[in-house]
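**Student:**
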Amino acid sequence: SRQSIGSKMWNANKKSIKANHLPNLLDVAFQTLVVRRAFPNFRVTSWLMMPDKAKVWKAPSSDKRIKTDPPPTVADTQSLIKESVAVLLNVDELVEKALATNVTYPGSENG
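In case it helps, our numbering puts the sequence shown at residues 7 to 117.
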């Protein structure tokens, strides 16, 4: 579920983001910051598409291939996501933590 995946991104007591998720979250945080500065009057939400290990993937039959001409609609894309092993995860809370905290990582001046 979305909640269980999101909770696995935090270390104990939600004090820090787990290191294996940090590169993706920092990337999303940077993109969020850029969009917020470019469009200050907009509300920006941040999402990651993550694998949901509770789902089992079934290979699509040949008649279910993704059609690109014409391009898929939003409804087509949402349908594909529902049928996939991926889940959309809102990471706003994690992004805010990353933007508000000095982040250290291996190779950084503080890491």
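Note that beta-carbon positions come from the ideal geometry of N, C-alpha and C, so glycine has one too.
Pick from K14, N17 and I23: whose alpha carbon is nearest that of L105?
**Tutor:** With distances taken between Cα atoms, L105 lies closest to I23.
**Student:** Apart from the five residues on each side of it in sequence, which residues of its chain come closer than 7 Å, Cβ to Cβ, to L39?
**Tutor:** Within the same chain, L39 has close Cβ partners L105.
**Student:** Relative to the alpha-carbon of K61, which residue among L32, V93 and V80 has its alpha-carbon at the smallest distance?
**Tutor:** Checked all of L32, V93 and V80; the closest Cα to K61 is V93.
**Student:** Pick from L100, P78 and N108: whose alpha carbon is nearest that of W53?
**Tutor:** Nearest C-alpha to W53: L100.
**Student:** In its own chain, which residues sit with a C-beta less than 7 Å from the C-beta of D58, not counting the 5 before and 5 after it?
**Tutor:** Cβ neighbours of D58 beyond the five flanking positions: I11, V91, A92 and V93.
**Student:** What is the DSSP secondary structure of A92, counted as helix, strand or coil?
**Tutor:** Three-state DSSP puts A92 in a strand.
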